[in-house]
Amino acid sequence: MNAKTITLKKKRKIKTIVVLSIIMIAALIFTIRLVFYKPFLIEGSSMAPTLKDSERILVDKAVKWTGGFHRGDIIVIHDKKSGRSFVKRLIGLPGDSIKMKNDQLYINNKKVEEPYLKEQQQEVKESGVTLTGDFEVEVPTGKYFVMGDNRLNSLDSRNGMGMPSEDDIIGTESLVFYPFGEMRQAK
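Per full-length UniProt numbering, the very first residue in the sequence shown carries number 1; after that it's consecutive.
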């Protein structure tokens, strides 16, 4: 073997290692995306001002296996009937008693603050309107109660969407990643 043959073999070996590394990284990214995270496009204003139309979020799909859902989570729901997905705020867990009275949310007879609504509540209060109409509901076993943050313009558990089951929930919002200049975690 001469020096040229050894150099060619080293170059081929390095090239093979680089190609295999790229394939492994791509497979890892694909697996992470498939199993753990999913990008999602916000369409419409039902979650405004928290999430705006055309923003893109990263949805944590692993939350189903790592800790479950909590009141106040922003979740993405897949509606099997329409084939569409929606983003909403999780308000009530299975077995909860939900009551809305004079724009105040009560869960299991305990007053719940909704800081993400303060600005909207102030605006509608000045016009003599309530943001969320009064209602009472019991969340059935295996179901979740959801509402959009834009209460005046949201199809949700109050008015036609119904209550999703855990199987309908894709995951929770983990990051607003687009527009890039406005990256944040929505709350």
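Yeah, the Cβ is synthetic: ideal placement off N, Cα and C, and Gly gets one too. Since the structure is predicted, the reported quantities are computational estimates derived from the model, not experimental observations.
- Nearest C-alpha to TYR116 among ASP149, SER46, VAL76 and LYS13: ASP149.
- By the criterion of at least three beta-carbon pairs nearer than 8 Å, the stretch 53-69 is not in contact with the stretch 119-127.
- Membership of LYS81 in any beta strand (DSSP E) is not indicated, and neither H nor E is assigned to it by DSSP.
- About 5 Å separates the beta carbons of LYS101 and ASP134, which is inside the 8 Å limit, making them a contact pair.
- The closest CA to that of ILE91, considering only GLY171, MET163 and GLU126, is found on MET163.
- With a 10 Å radius around the Cβ and a threshold of 16 neighbouring Cβ atoms, ARG184 comes out exposed.
- Between LEU34 and VAL87 the beta-carbon gap is near 20 Å, outside 8 Å, which marks them as no contact.
- Shortest Cα-Cα distance from GLU138 to any of ASP53, ASN108, VAL59 and ASP156 involves ASN108.
- Note that the C-beta distance between THR172 and ASP73 is below 9 Å.
- DSSP places TYR37 within a strand segment (E or B) once states are collapsed to three.
- Scanning its chain for C-beta atoms nearer than 6 Å, with the 5 sequence neighbours on each side dropped, one finds around SER174 the residues LEU58 and ASP60, in chain order.
- A straight-line Cα-Cα distance of about 6 Å links GLU136 and ILE98.
- Assignment of GLN121 by DSSP, reduced to helix, strand and coil, places it in the helix class.
- Bridge pairing for LEU175: LEU58 [DSSP].
- Cβ contact annotation for TYR106 (same chain, cutoff 6 Å, sequence separation greater than five): LYS99, in chain order.
- Rounded to the nearest angstrom, the gap between the Cα atoms of GLU43 and THR16 is 44 Å.
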